[in-house]
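One structure is given here, and the rest of the page talks about it.
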Amino acid sequence: MNTLQAIILAIIEGITEFLPVSSTGHMIIASSFFGIADQDFTKLFTIVIQLGAILSVVILYFNRFFQTLDFYFKLLVAFIPAVVLGLLLSDFIDGLLENPVTVALSLLIGGLILLKVDQWFNHTSTEEEKEITYQQAFKIGLFQCLAMIPGVSRSGASIVGGMSQKLSRTSAAEFSFFLAVPTMLGATAKKCYDYYKAGLVLSDDQINYLIIGNVVAFIVALLAIKSFIGFLTKNGFKVFGYYRILAGIILLVIHFFIHPLTII
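Basically the working numbering = 1-based index in the sequence shown + 10.
Rendered as structure tokens:
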């Protein structure tokens, strides 16, 4: 990895982390084209720089993020399914990451779902995250687990999960943002632990890449979150659905007809 590649991957992360298009899927594809996807540091980098993007949530929603203990308990309840399944299915998930077709099909299928989600879940009864029940939070957490499949999109899965629980588009998106904080902290901690457990040590250049990546992802995510909420409130999910379908088709064409991709 070089500095330019680190910046490009961080920009992709900042733009896509909170959009229902799969940040991991996009970074996997980009790093594959760079020819660095099989590097242990790249795998670490794509997880750790998500912290920079997640920090933007804390800054933008500072007053609303620091709330009552009840709010944090709901986030914990929503977070638990990802912890349990993540530990149980770790090897299986790593296997999925090795297949570019998995990312492409996830983008394609997810896009088809987004075309219909506004039609399926158009009755809302919850407008603010403080109104979310523990049962709703847990079910949203189950939806979030679908994002363990590369290309599904953590934000997309949890937003759809929220809307299935009669949250408005805006409240579902914002709860998804809040839920990203413990989820990404947990994922980063596990990835760092696995990295050092494998006997790998960061060089000075790699530490600099992580710093640059987090700063860039943070700045870009600040802009992306506000733009996404405004766009989502007015237009819904169809544009993202069409984008995912197009991206999935292009990736499949490249893989099968132009040049087979080896992602990991």
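Cβ atoms here follow ideal geometry from the backbone N, Cα and C, with glycine treated the same way.
At the C-beta level, I239 and T180 come within 8 Å of one another.
Cα atoms of Q175 and Q154: separation of roughly 13 Å, rounded to the nearest angstrom.
Burial of I38 is indicated by the presence of at least 16 other C-beta atoms within 10 angstroms of its C-beta.
Distance from the Cα of K200 is smallest, within the candidate group A16, I22, I57 and F43, for I57. Distance from the Cα of A257 is smallest, within the candidate group L152, V225 and I119, for I119. Taking 8 Å as the upper bound for CB-CB distance, G223 and A20 are in contact here, some 4 Å apart.
If you ignore the 5 residues before and after L232, its C-beta comes within less than 6 Å of the C-beta of S66, all in its own chain and listed in chain order. Less than 8 Å divides the Cβ of I59 from the Cβ of A227. Contact between D50 and L210 is confirmed by a C-beta separation of about 6 Å, below the 8 Å threshold. Straight through space, the alpha carbons of F89 and F148 are spaced by roughly 8 Å. In this structure, the beta-carbon distance from S32 to V162 falls below 8 Å. Counting along the chain, the unbroken alpha helix (DSSP H) around V127 starts and ends at P110 to W130.
The Cβ neighbour count for Y219, taken over all protein chains shown within 10 Å, is at least 16; the residue is labelled buried. Closest option to I229, judged by alpha-carbon separation, among F55, W130, G62 and Y82: G62.
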